[in-house]
Each structure stands twice: as structure tokens, then as C-alpha cells.
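Written out below as C-alpha cells is the structure these notes cover.
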Amino acid sequence: MRLFEKFTKDQINRLKRDTSNFFLGSPEAEAESTSNSRVKLTEVFEDFFEVIPQLQSEKFIITGRKGNGKSAIAEHIYYLALNEPEYFCDFVKKADIDIEKITQLVSGTDNEISQELLIEWIILVKFVKQLISNEAIADQKGIKELKVFLKKNSGFIDIKSNQIKEVIQDKGWEVNVNYFQRFLTAKFGNRFNIKGEKAPFFKLLPHLKETIKELFLNTINKDNHYILLFDDLDIGFNAKNPGNVKTILNILRIVKDYNITFFGKEDISAKIILLLRDDISRFLLNQDADTAKLFSSYEVTLKWYEHFQMQRDEDKVKLKQFINRRIALNFEKNEFSFDISKPWESLIHEDESYKKSSFKYIVEHTLIRPRDLILFFKPLQELKFSIPLSKQDVYILIGKYTIEFVKELKNELAAHYAPDDINAIFSAFVSCANEPVSFIFFIHELKKFHFSEDTYNLLELLFDLSIIGNTNDTGKTYFKHWEKDDEIFKFNKELKITQHFTLRNYCQRNRRN
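Sequential numbering from 1220 applies to the sequence shown in the numbering used here.
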């Protein structure tokens, strides 16, 4: 026993060469951006789609399926801004600022206050706060008064959804304008005059706009860059709720106006970036006459499927490069030897019975997103597999991943359907799990379980989410996430309906139980 007393616990774990200390990351990018994260986003992030350069043009909307990396890009932009003195960045997150909830408070108090005015107020105040945080202009005329104005009205400046009700009950929708008037006088002379010591916040919008224009174009400030990120807009979104739809459409329209009409035409180095789930963006296309044009002009889409690259050289596939970075990092932290050019193959034993590479085999069980692979490898630490993983180990991981897969799917469907309808959808899935079924049969099963919405719209949505695919008479199957660059797959009710492999596995297990 004395022989082993010389070894620390960490050294013994390394001698085991298992996955006890393997953690490939968190499904939420926000968790990886914290200081105590075991996998830090800064260590593994790469802009595989060159989104950041595209955002330097007219593009300002990032869309993609949940788990495709939108928030990771936003967090990386925020990190870059923190570490570059000429960049300033801030977030608007629904968890902090629920625009719809706040405007609901207005309906019983003041009919003059619209959602659009509140959105503008939030945008302008966020940029003013960024501007005055720039020490280079701190000593300029009127800046101290502007800081006092923000401080005195902090309750309605630093809007928090869980506090705004108390602020409105205490102070109403008016703000103290005394120090703001002093700033305006110092900067613009008598050009702007606000009567009285208080005024409704929306009366200040034109003045705030002129304020940021003057500060942005200031000779000291002109080389700086300012960014505002709208994230989590999909949280709580319900396509059946007109208020939810109106809120996002208003944000889209106002953000476009600021980016293109105001910042663009005034040559102001500022940008507002929106992050949006692609199933919600597809839904919005049919809700407003100008929305389709807006997305086609200003959207950057994240899509990880690379058909031709997968056939030619899978090591160059972006998704494999993404996960290889994380696998390599874990090998290095555990001080395990591995093939630096093939981290995946160092972790997973290649088995001939896969009839393809292990990467292709596993990816076929996913929706081809970064989050899928992080969720797939999530149990490594608890299962303590020996390295390299065997085929049996992979089967166990697939079984555990099916549960995560269904959780994700139910979460996405919650934006479009009520809980009872989601239960009916899954009951129909179980009934149709064994083999491809006809459109008529699937519809019959949905009705049998009392699905209350339009069945064809549901199947189109499920197809767009790659939860179901079409199978033709020769047995060829079409899933939306398998589209090549020159293809567009649409749901065809004349063809058989088949389920995604992982959903089918889940339903077949439920059927046996």
C-alpha cells in the first residue's frame, strides 16, 4: 500500500485514463462565459461561419435553430468588447426586460404610451449609458449632468421587469429632467427646452436621439464602436399570442430603423444585433408585409450541415472541428496522451460494425447542432467510461441522449402549441414509431388523441424542425436538416412520413413500456 501513497488522487485518476474528469461544456453559452466555468467559451470559441465580419456590414439578425450557437456568438462579442478599449457592448435580455410585461402595465394608466416608445427608450438609454462610460469624454461639457440625470432616474433607466411595477406605482411614467435640461443647454444652447422639472419619458426621446448623435460623432469618440445585443427573445414566445408576435415585430422594425436609417445614414459606429430562433423567424415571415424582405436583407443564418464536406473530408466539417476543440482541451487538462490531429478518434474507438465513421454514426442521431454533441457527451463524467469509448458505451450515450432530445423538442413546440396538444403529438408519435406511415394515418392518430390545432400546419412545422421526414417509394428519406446548399426540402403529404431516428428510438422504448 505504501507504494501508492506517493500518488495524489489526481495522478491516480490519470492512471485510470477514463472519463471521470471529462466535461465538454454546457448547453448554454451563458454558463460557459462565467469565470468559474470548467470549459470557458474563450478557450474553445471559433467563429466558424464568419458571422462577426458579416455583422460589420448591413446584417444585424442572427437566426438559427435553438442550440446552433447564436448566444455563443453574442457572448463572444461581449467578451471582445470588454477587452478592447474602443468597444462598448451591452445586452437586452427578456429575463431582465420583458417589454410586453411592462407595456401591459401601461394599459391601465396612460394610453399615450405605446410599446414602440418603450422599445426606443430602452435602446436610447442603453446607448447613452455606454457613451458616458467612455472615460475619454468624461470631462466634456455637460457629461457630469447627464450622469446625474441617469442616476436620479435609475429606476426607470435600469429597467428590471421584476421591479418596474413598484417604480411606476411610486413615480409614474415621468422622469426628473432637471439635470438632463442642464446637459442639453450645455451642449446645444437654447435649441432644446423641456418645460417643468418632470416629463413623461417618451417626451425625451427626440432629445436623447440628438444626444447620442452628438456624442457618437464627437471627434474624441468617433473611432469607438458601440453594440447592443437583444437575446432570449424566444423565451415564453407563443405564436398563438398576438401580443408576443407584435412585440417581436415591433423590435425588428425599430431595430432596422435605427441600424439603417439612423446609425447608417449618420455614419455612427453603433449596431443593434438581434438573436432569433429560426422557427420563430419562419413564422414571422407570414405576419407582416415587410418581414420577408427584412430577413432576406439583414439575416445571417447558422446551419451546421455540410453534405459535400462530410463526404470529402469529415475532419474539415465545422461541427467536428467544434467538438474536437473541446475533446482536445479535456485530454490536455487530464494530461492524457492523444492524437492531436484526431481528438475524436482518440476518444471513441472506431468500430467496423458502424458501417461508417463513429462521427457520422453519432451525428445521424442528432439534429446536427453544437448543443446536440454537448448533450450527447454530457454523461461522460458520471459514467466514467474507459478511453477510448467502445461501441457499447456509445449505445449507452445514445440512450441517454434520447431523453435530452425529447426535452429540447418539447421546449421548441411550446412556442407553438399548448401542453395538451404537445401530449397529443407525442401520443401520435408513439403510435407511428415502428415504420413510415401515410399522411392520412398520421392525421388520424393526431385526431384520435384530441389534437386541437390545424394538423397540416403541425406537420409542416415538424418537417421544418426535422422531427419528421418524407420517405419516397424507393425508400429514400428527406429530412430538412439534410438539405444541401442547392436544395430546399418541403413537406409532401403524398409521401410517407418517417420520424427522426432518435425520436423513433424514444417512442419505441415508450411503446414497449
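Ideal placement from N, C-alpha and C gives every residue a C-beta, glycine not left out.
| Asked | Found |
| --- | --- |
| Answer with buried or exposed for Gly1244, where buried requires no fewer than 16 other C-beta atoms within 10 angstroms of its C-beta. | buried |
| Leaving out five residues before and five after Asp1640 in sequence, what residues of the same chain have Cβ atoms less than 7 Å from its Cβ? | Phe1670, Ser1671, Glu1672 |
| From Ala1293, Phe1399, Cys1651, Arg1496, pick the residue whose C-alpha is nearest to that of Ala1250; which is it? | Ala1293 |
| Could you tell me which residues DSSP puts in a beta bridge with Lys1489? | A small fix is needed here, since residue 1489 is Ala in this sequence, not Lys. Bridge partners of Ala1489: Tyr1445. |
| Taking Gln1273 as the reference, which of Ser1373, Val1519, Gly1415 has the closest Cα? | Val1519 |
| Nearest to Ile1362 by alpha carbon, out of Ile1338, Asn1437, Pro1246, Trp1701? | Asn1437 |
| Less than 8 Å between the beta carbons of Leu1602 and Thr1261, yes or no? | no |
| Apart from the five residues on each side of it in sequence, which residues of its chain come closer than 6 Å, Cβ to Cβ, to Ile1413? | Val1396, Gln1400 |
| Roughly how many whole angstroms lie between the Cα atoms of Leu1521 and Arg1496? | 10 Å |
| Just how far apart, CA to CA, sit Lys1610 and Arg1728? | 20 Å |
| What three-state label does DSSP hand Tyr1697 in the structure shown? | strand |
| Look at the Cβ atom of Gln1600, then the Cβ atom of Asn1240, and state whether they are nearer than 8 Å. | yes |
| Counting Cβ pairs, one atom from each stretch, are 3 or more of them under 8 Å apart for the segment 1696 to 1705 and the segment 1522 to 1532? | yes |
| Is Asn1395 helix, strand or coil when you go by DSSP? | strand |
| Checking 8 Å against the spacing of the C-beta atoms, do Ile1356 and Ile1439 come in under that value? | yes |
| What residues in its chain sit with their C-beta under 7 Å from that of His1700, if we drop five residues either side in the sequence? | Tyr1524, Leu1586, Ile1587, Ser1685 |
| Under 8 Å between the Cβ atoms of Pro1655 and Thr1693? | no |
| What does a CB cutoff of less than 7 Å around Phe1514 pick up in its chain, not counting 5 residues either side in sequence? | Ile1280, Ser1500, Leu1504 |
| Starting from Thr1717, follow its DSSP beta bridges and name the residues at the other end. | Gly1688 |
| Closest by CA to His1635, which one among Leu1468, Phe1502, Thr1322, Glu1339? | Phe1502 |
| Does DSSP classify Tyr1298 as helix, strand or coil? | helix |
| Mapping the DSSP letters down to three states, classify Ser1516 as helix, strand or coil. | helix |
| Going by alpha carbons, who is nearest to Ile1318 out of Ile1716, Tyr1297, Leu1592, Leu1336? | Leu1336 |
| Take Phe1223 and list the residues in its own chain whose beta-carbon comes closer than 7 Å to its own, dropping the five residues that flank it on each side. | Note on Phe1223: pLDDT 46, under 50, position unreliable in the model; the coordinate value appears next. Hits under 7 Å: none found. |
| Do Val1270 and Arg1545 have their C-beta atoms closer together than 8 Å? | no |
| What residues are listed by DSSP as bridge partners for Lys1312? | Asp1450 |
| Using DSSP with H/G/I as helix, E/B as strand and the rest coil, what is Tyr1725? | helix |
| Beta carbon of Leu1594, beta carbon of Ile1542: below 8 Å? | no |
| So what does Tyr1636 bridge to, in DSSP terms? | In DSSP, Tyr1636 forms no bridge with anything. |
| Residues in the same chain with beta-carbon distance under 6 Å from Asn1549, minus the five sequence neighbours each way, listed in chain order, please. | Phe1241 |
| Taking the Cβ atom as the reference point for each residue, do Cys1651 and Phe1661 lie within a distance shorter than 8 Å? | yes |
| Per DSSP, Lys1567 forms a beta bridge with which residues? | Inspection of the sequence shows that residue 1567 is occupied by Ile rather than by Lys. Per DSSP, Leu1608. |
| Report all residues from its chain with a CB closer than 8 Å to the CB of Asn1372; omit the five preceding and five following residues, and keep chain order. | Val1394, Asn1395 |
| For Pro1598, name the three-state secondary structure that DSSP assigns. | coil |
| Throw me the rounded Cβ distance for the Phe1710 and Leu1678 pair, which I believe falls under 8 Å. | 6 Å |
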